[in-house]
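The structure under discussion appears below in the form of structure tokens.
Numbering (full-length UniProt numbering), first residue to last: 1 to 247.
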């Protein structure tokens, strides 16, 4: 039978989602490896977890979708309590349920929704959940106009670190919106059918470069056209959260 659940985790506690190979005697702890160990103990058998997307080291998630197969019926409420008790406090699961046998958390997803948080003043309590851009003057209206260049279908090869797996680097973005939470917190709300390795961080970093007048308006289109030769900023991972995966 196939089951699925939502997963929430603190990205700074793990080396990304995907399980890593061993390097000598050291094995990096990932979200996948931590959860699979908890499921192995609870179900007394190895379980392979498949997520909707492979978040990078330091990137958080609130709505990651995961599925797995298990030969038998499960008391979902009891298993959730066991996993959340056995696992680390930095990762929790919810909404565990039986799903269609052909459901696939990655391939059935129609869009992914991310939020990237910016702080315009020094912070202490929230510093692990956003990018502190500090006192630098930033033109938010200019960034919003520049962000519209990301909308629609584009080849994002120049806004990612290719995994060299032969897969397409074309993505279709349907939302790239800036929201002011208060006088020092702003959020980028970004949605698309798929995202590539470090793509969101590269896009946000480019918008920051434009917003602080390091580069002019139109830089995004120059990068798409491979006409841009300058150095670019990569937004740090702790500001990014995978909020939801839609089906």
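For each residue, glycine too, the CB sits at the ideal point set by N, CA and C.
Reference residue 137; option with closest CA among 187, 214, 106 | 214
Less than 7 Å separating the beta-carbons of residue 150 and residue 176?
-> yes
Measuring CB to CB, does residue 12 end up less than 7 Å from residue 58?
-> yes
From 39, 161, 226, pick the residue whose C-alpha is nearest to that of residue 234; which is it?
-> 161
What are the complete beta strand (DSSP E) segments, minimum 3 residues, inside the UniProt domain "Pseudouridine synthase I TruA alpha/beta" (147-247)?
-> 152-155, 170-180, 185-192, 240-246
Per DSSP, the bridge partner or partners of residue 61 | 9, 242
Check whether residue 140 and residue 204 have beta carbons under 7 Å apart | no
For residue 28 and residue 16, the rounded distance between their alpha carbons = 9 Å
In the DSSP assignment, find the unbroken beta strand (DSSP E) run with residue 105 in it and report its ends.
-> Premise fails: residue 105 is in no beta strand (DSSP E) and is neither H nor E.
Backbone secondary structure at residue 25 - three-state DSSP | Here residue 25 scores only 48 on pLDDT, less than 50, and its place in the model should not be relied on; the value that follows carries that caveat. Residue 25: coil per DSSP, three-state reduction.
Are residue 191 and residue 159 closer than 7 Å when you measure CB to CB?
-> no
Would you list the residues sitting across from residue 91 in a DSSP beta bridge?
-> 9
Roughly how many angstroms separate the alpha carbons of residue 83 and residue 246, rounded to a whole number?
-> 24 Å
C-alpha gap between residue 19 and residue 30, whole angstroms = 6 Å
Output yes or no for whether 7 Å exceeds the beta carbon distance between residue 33 and residue 65.
-> no
So, helix, strand or coil for residue 31, using DSSP?
-> helix
Between the C-alpha atoms of residue 127 and residue 72, what's the straight-line distance to the nearest angstrom?
-> 44 Å
For residue 41, count neighbouring C-beta atoms within 10 Å of its own C-beta (all shown protein chains included) and say buried if the count is 16 or more, exposed if not.
-> exposed
Ordered along the chain, which non-local residues of its own chain (more than five positions away) have a Cβ less than 8 Å from that of residue 91?
-> 7, 8, 9, 10, 13, 14, 31, 34, 35
Looking at residue 4 and residue 273, is the spacing between their C-beta atoms short of 7 Å?
-> An answer regarding residue 273 cannot be provided, because it is not within the stretch 1 to 247 covered by the chain.
Can you list, in chain order, the residues of its chain whose CB lies under 6 Å from that of residue 26, leaving out five sequence neighbours each side?
-> Here the model assigns residue 26 a pLDDT of 49, short of 50, so the residue's position is not dependable, and the following value carries that caveat. Cβ neighbours of residue 26 beyond the five flanking positions: none.
Beta strand (DSSP E) containing residue 112: first to last residue?
-> 111-119
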